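Colleague: For reference, the structure I am asking about is given below.
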Amino acid sequence: MSLPHSPIPPLGRRSALKAGLLAAGTAAFGSGLLRPATALAADDASVPSLAGKRIGITVIGTDHFWDIKAYQAQVDEVKRLGGEPIALDAGRNDKTQIAQIQTLIAQKPDAIIEQLGTLSVLDPWLKKIRDAGIPLFTVDTATPHSINNTTSDNFYIGEQLALRLVSDLRGKGNVVVFNGFYGVPVCAIRYDQLKAVLKYFPDVKIIEPELRDVIPNTVQDAYTQITAILNKFPDKGSIGAIWSAWDVPQVGATQALVAAGRTEVRTYGVDGSPDVVELVKDPKSPASAVAAQQPSLIGKLAVQNVARYLAGDHDLAPTTFVPAFIVTKENAAEAQKQLGQAPA
Amino acid sequence: MPDTVQSHIALPVDVAVPRSRAADTARTLVRAGSLLAFVAVFAAFAAAAPGFLSAGNLANVVGQSAVIGVLALGMTLVVVAGGNDVVRGGIDLSVANNLGLCAAVYATGLGAGWGDGAALAATALAGLLVGAVNAVSVVWLGILPLLATLAAMNVCAGLELVLTHNTVVAASSPLLDVLSGEYPAGVPVLGEVLLGVAALLAVVLHLTPAGLRLYAVGGHREAARAAGLPVASYVAASYLGSGLCAAVASVLSVALLSGSTTGSGDMLLAAVVTALLGVVFSRRLVATIPGTLLSALFIGILINGFQLLNISSYWVNGVQGVLILLVVAATSMLRPNAG
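Just so you know, the protein sequences line up as chains A and B, in that order. So the first sequence is numbered by the numbering used here: it starts at 41 and just counts up by one. So the second sequence is numbered by the numbering used here: it starts at 5 and just counts up by one.
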């Protein structure tokens, strides 16, 4: 991360710096937020057709807001471009996803897009996709076997969320961390960025042992775990913040804080699901910030990358970063409009 | 039922003593209908699903059915020894979480630098221990198998979390390389292991005196006891066998997924469905090894064919539910001692 940032930089500037990696249409405008819909309109028309092409889409699950939005956007964009999607949802089961990929390889589609999942499980099978001569693209999965990975800049997300956290804590306090999905690369990046920032704020400490978030029953489980840890640290001020690599544990944690009357503790998460942005907007809620991604745009751009590649553009950048930004109490109302979660 | 002692002990498996002609006809119809349904589904996919009949795809299906298949084969042993009354008969609800625990033992063992030999021994021991706990609860404490194995299921889930902290534990070893490979080219080794385990169990269960006695114990426990069979040992052995099958399946799962993963418990329903569905492929509507193997392949073919036809995988769950309903309805109506 050698690029310079102000603590909460406008996305547009950063995006411009990364112009080589960003699809032109995603470049952000405005001060602090972005306007993807307007910016993309022109670009959509220039995407090559997928007529007669079959595109395999394999996702680990669609039970989370982010997952379903990114997945549905891929299916819709393949259809919009005239192609036939073979859309496979593994229902959050690694074994199912591997079986679907095996069969998908036998179906020999023109390209395969893989979204999320555990890298160590997937990687041998992603390699087999390439060995079978099928172009592989990924969404939120960084692997050398992928021609292009379309994703939020999770380095930026992790770093900005961490900076916000230490700023809110004024550089001092204990942090409860949910770290159950380190095997998922995007979660690992966010966590590593948190650690990288905390290294320079020695008075901000992660409480050991870290908590493990789970799927399913994420909200209930986070609620139970946070309630237990609040009992273990009963004094106000003994916990300053709760951090999670996505925003569903944040919901359970926030509810637990309200129920226990410990609203001095702040919560932080990633994704920007509508219910969490709403929580952040509420001035009385302990939900302090959430990094908002644009899952629909990510899914759509992944398919457009496939279309360009199949039309002969073999010079794609290995990563397409889609802008994300930090939603806070101050900008939440505006963010809802920008994210399409409230009338503009 | 005055004739059950003789029929279960003296007659070869799958030969029914003449009872009512109507019931026999109905059973034959169910069996013929099931085989016909299997063939019809196969033919429909062959005609409509592009690439379904290719050798590579069919080999794939066998490979994909391996983990659930071996679990269901273990479950079959328990159902045979306990009788196939779904509520009071033999059932092992711990198989899927036992697999999760064994996979965790194997993956963490390899991660700790143990060789394949030591890790395999520990894995087999873990599977057998869970089987032994089930055996003690069911046979000597007299707890309903449904409840006893439900408790063991939870113990396994907890122990797995202790070992893995609910994370994926990546693993690699020379054995895993062989298992996850294809030999000869295009034939998944996992599929060959499934067929091997099925062949071995089929010989034990259907061609040896011990297998015949296991059926006798499950068919009519009092009669088997009266005939001098050590009933308790046979039932206990079936749970040990099921535990060992879970351990074998766990190694296959680690090979498929390059490590131990979370969510093994999800496989329970599939294993139960497979073992119960298998009964429709036998003449007397009892659990058999070939029946379970056929049913594992049938479900594998359904999932595979749906994907090839580009029908949403969400339908597979619904179809599995309907199948189980049909099978339980047919078998409970037609079982000899029903009504």
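Note that the Cβ used here is the ideal one computed from N, Cα and C, for glycine as well. Values in this document were obtained by computation on a predicted structure and should not be read as measured data.
#1: Is Leu327 of chain B near Ala100 of chain B, with beta carbons less than 8 Å apart?
#2: Which runs of the beta strand (DSSP E) at least 3 residues long sit entirely within the region 255 to 294 of chain A? Give them in chain order.
#3: Val134 of chain B and Ala155 of chain B: beta carbons closer than 8 Å?
#4: Ala123 of chain B: buried (16+ other C-beta within 10 angstroms of its C-beta) or exposed?
#5: I'd like to know whether the C-beta atoms of Gly157 of chain A and Thr171 of chain B end up nearer to each other than 8 Å.
#6: Starting from Asn188 of chain A, trace the beta strand (DSSP E) both ways and give me its first and last residue.
#7: Where do the N-terminal and C-terminal ends of the alpha helix (DSSP H) with Ile293 of chain B fall, by residue?
#8: Look at Asn214 of chain A and Ser278 of chain A and say whether their C-beta atoms are less than 8 Å apart.
#9: Taking the Cβ atom as the reference point for each residue, do Gly123 of chain A and Lys93 of chain A lie within a distance shorter than 8 Å?
#10: Which residues in chain A sit within 7 Å of Val207 of chain B, going by Cβ to Cβ distance?
#11: Could you spell out where the beta strand (DSSP E) holding Asp253 of chain A opens and where it closes?
#12: Anything in chain B within Cβ reach of Ser160 of chain A, meaning under 8 Å, just list it in chain order.
#13: Alpha carbon to alpha carbon, how far is Leu341 of chain A from Ala347 of chain A? Give it in angstroms, no decimals.
#14: Identify whether Phe42 of chain B lies in helix, strand or coil by the three-state DSSP scheme.
#15: Would the beta-carbon of Thr258 of chain A fall within 8 Å of that of Gly292 of chain A?
#16: Taking a contact to mean a Cβ-Cβ separation below 8 Å, would you say Ala220 of chain B touches Ile293 of chain B in this structure?
#17: Kindly indicate the opening and closing residues of the beta strand (DSSP E) around Arg94 of chain A.
#18: Output the distance between the C-alpha atoms of Asn64 of chain B and Ile307 of chain B, rounded to the nearest integer angstrom.
#19: Would you say Gly223 of chain A reaches chain B, if we count a Cβ-Cβ gap shorter than 8 Å as a contact?
#20: Which full runs of the alpha helix (DSSP H) of 4+ residues lie inside the region 115 to 140 of chain B, going along the chain?
#21: What are the start and end residues of the beta strand (DSSP E) that includes Phe177 of chain A?
#22: Measuring CB to CB, does Ala151 of chain A end up less than 8 Å from Leu350 of chain A?
#23: Can you tell me where the beta strand (DSSP E) with Gly86 of chain B in it begins and where it stops?
#24: For Val367 of chain A versus Ala329 of chain A, is the C-beta spacing smaller than 8 Å?
#25: Do we get a CB-CB distance below 8 Å when we pair Gln68 of chain B with the residues of chain A?
#26: Who are the Cβ neighbours of Pro326 of chain A in its own chain at under 8 Å, not counting the five residues just before and after it?
#27: Check whether the Cβ atoms of Ala279 of chain B and Thr80 of chain B sit closer than 8 Å, and answer yes or no.
#28: The alpha helix (DSSP H) spanning Glu186 of chain B covers which residue range?
#29: I'd like to confirm the pairing. Which residues does DSSP put opposite Gly309 of chain A in its beta bridges?
#30: Might you give, ordered along the chain, the residues of its own chain that have their beta carbon closer than 6 Å to the beta carbon of Asn158 of chain B, omitting 5 neighbours on each side?
#31: CA-CA distance, Glu186 of chain B and Leu180 of chain B?
#32: Indicate the three-state DSSP secondary structure (helix, strand or coil) for Phe361 of chain A in the structure shown.
#33: Going by DSSP, which residues form a beta bridge with Leu128 of chain A?
#34: Using only CA atoms, which one of A:Ala300, A:Tyr263 and A:Leu251 lies nearest to Pro274 of chain A?
#35: Can you check whether the CB of Leu256 of chain B is closer than 8 Å to the CB of Leu183 of chain B?
#36: Look up Val91 of chain B in the DSSP assignment and give the residues it is bridged to.
Modeller: Looking at the atomic coordinates:
#1: In this structure, the beta-carbon distance from Leu327 of chain B to Ala100 of chain B does not fall below 8 Å.
#2: Fully enclosed beta strand (DSSP E) runs of 3 or longer: 281 to 284.
#3: With a cutoff of 8 Å on beta-carbon distance, Val134 of chain B and Ala155 of chain B are scored as not near each other.
#4: That one is buried.
#5: Not in contact: Gly157 of chain A and Thr171 of chain B (Cβ atoms no closer than 8 Å).
#6: Where Asn188 of chain A is concerned, the enclosing beta strand (DSSP E) stretches over Asn188 to Ser192.
#7: DSSP places Ile293 of chain B inside the alpha helix (DSSP H), whose first and last residues are Ile293 to Leu312.
#8: Going by C-beta atoms, Asn214 of chain A is nearer than 8 Å to Ser278 of chain A.
#9: Result yes, Cβ atoms of Gly123 of chain A and Lys93 of chain A sit closer than 8 Å.
#10: Under a criterion of Cβ atoms nearer than 7 Å, no residue of chain A is adjacent to Val207 of chain B; the nearest Cβ is some 29 Å distant.
#11: Counting along the chain, Asp253 of chain A falls outside any beta strand (DSSP E), and DSSP gives it neither H nor E.
#12: In chain order: Val172, Ala174, Ser262 and Gly263.
#13: If I take the Cα positions, the gap works out to 10 Å.
#14: DSSP places Phe42 of chain B within a helical segment (H, G or I) once states are collapsed to three.
#15: Yes.
#16: No; because the gap between Cβ atoms is not below 8 Å, this pair is not in contact.
#17: Arg94 of chain A -> beta strand (DSSP E) spans Arg94 to Val99.
#18: Taking C-alpha positions only, Asn64 of chain B is separated from Ile307 of chain B by approximately 12 Å.
#19: Taking a beta-carbon distance threshold of 8 Å, Gly223 of chain A counts as an interface residue toward chain B.
#20: Correct list: 120 to 139.
#21: Leu176 to Val179 is the span of the beta strand (DSSP E), which, as asked, contains Phe177 of chain A.
#22: In this structure, Ala151 of chain A places its C-beta atom within 8 Å of the C-beta atom of Leu350 of chain A.
#23: Looking at the DSSP string, Gly86 of chain B is not in any beta strand (DSSP E); the run it does join, the alpha helix (DSSP H), is Ala70 to Gly86.
#24: Pairing Val367 of chain A with Ala329 of chain A gives a Cβ-Cβ distance under 8 Å.
#25: Interface residue, yes.
#26: The residues are Thr294, Leu297, Val298, Arg302, Thr303, Glu304, Val305, Arg306 and Thr307.
#27: At the C-beta level, Ala279 of chain B and Thr80 of chain B come within 8 Å of one another.
#28: For Glu186 of chain B, there is no enclosing alpha helix (DSSP H), as DSSP gives it neither H nor E.
#29: Within the DSSP secondary-structure output, Gly309 of chain A pairs in a beta bridge with A:Val330.
#30: Cβ neighbours of Asn158 of chain B beyond the five flanking positions: none.
#31: Rounded to the nearest angstrom, the gap between the Cα atoms of Glu186 of chain B and Leu180 of chain B is 12 Å.
#32: In this structure, Phe361 of chain A counts as strand in the three-state DSSP scheme.
#33: For Leu128 of chain A, which the question treats as bridged, DSSP gives the partners A:Thr98.
#34: Each of A:Ala300, A:Tyr263 and A:Leu251 was checked against the Cα of Pro274 of chain A, and the nearest Cα belongs to A:Ala300.
#35: Result yes, Cβ atoms of Leu183 of chain B and Leu256 of chain B sit closer than 8 Å.
#36: None, per the DSSP bridge assignment.
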